Amino acid sequence: MPIRYAVPPGTLLLCDYALGGFVPPEMVKRRPAIVVSPRLPHRDGLCAVVPLSTTPPSRSLDYVVELILDPILPSPFDSPMMWAKCDMIATVSFDRLDLFRTSRDQQGKRKYLTRRVDADTLERIRLAVRAGLGI
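In the working numbering, the protein residues as written are 1 to 135.
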C-alpha cells in the first residue's frame with residue numbers, strides 16, 4: 001500500500017518505477033530508493049528520491065555513493081552493500097512509494113520496516129546528486 005504522508009529525508013522506501021511513465025534507460029522496475037527532499041509547501045503527494053542498486057559501478061563516479069546497510073533490507077533487496085545512483089534522481093508520486101514489508105503480527109496485520117540513513121550519508125548523497133546534475 002503506498003505511503004500517504006511525507007517521510008523525512010534519508011528514509012529508505014520501495015519505489016515502483018514500473019507503474020508507467022518511465023522508459024529504458026530510465027528506472028523501470030521496483031527498487032529501493034532514498035528520499036532526498038523535504039516536504040515542500042504546495043507539493044503534497046510528491047517527493048524526490050534516488051534509486052539504489054545492488055550492482056557496483058564499473059568505475060568510481062562522483063554521482064554514485066556506496067552504502068553499507070546494517071541491518072540489511074528484506075528479500076529480495078537483502079544485499080549488505082548498495083549504491084545510490086544519484087544521477088537518476090526523480091520526483092515521484094507517493095503512489096509509487098511503499099515501506100518495506102517484513103512480516104505479520106499475531107493478529108495478521110502487516111509489519112513494516114522504517115529505516116533512515118544517517119546525516120553524514122544523506123549529505124554524501126546530496127553532494128552526489130549535485131554532481132549528477134552538474135551543479
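Ideal Cβ placement from N, Cα and C applies to all residues, glycine included.
All of these numbers come straight from a predicted model, not from anything done at the bench.
Proximal residues to ILE3 (C-beta, below 6 Å), its chain only, five neighbours per side dropped: Taken in chain order, the residues that qualify are PHE94, LEU97.
Under the three-state DSSP convention, the category ALA6 falls into: Residue state, collapsed to three classes: coil.
CB of VAL49 within 8 Å of CB of ALA128, strictly: Cβ atoms of VAL49 and ALA128: not closer than 8 Å.
Selection from HIS42, ARG31, TYR63 that minimises the alpha carbon distance to PRO74: That would be ARG31, whose Cα lies nearest to the Cα of PRO74.
Residues sharing a beta bridge with CYS15, DSSP: Looking at the DSSP output, CYS15 bridges to ARG31, LEU97.
For ILE68, the three-state DSSP class (helix, strand or coil): In the structure shown, ILE68 sits in a strand (DSSP, three-state: E or B).
Option nearest LEU61 by Cα separation, candidates TYR112, LYS85, ASP120: Considering only alpha carbons, the answer is LYS85.
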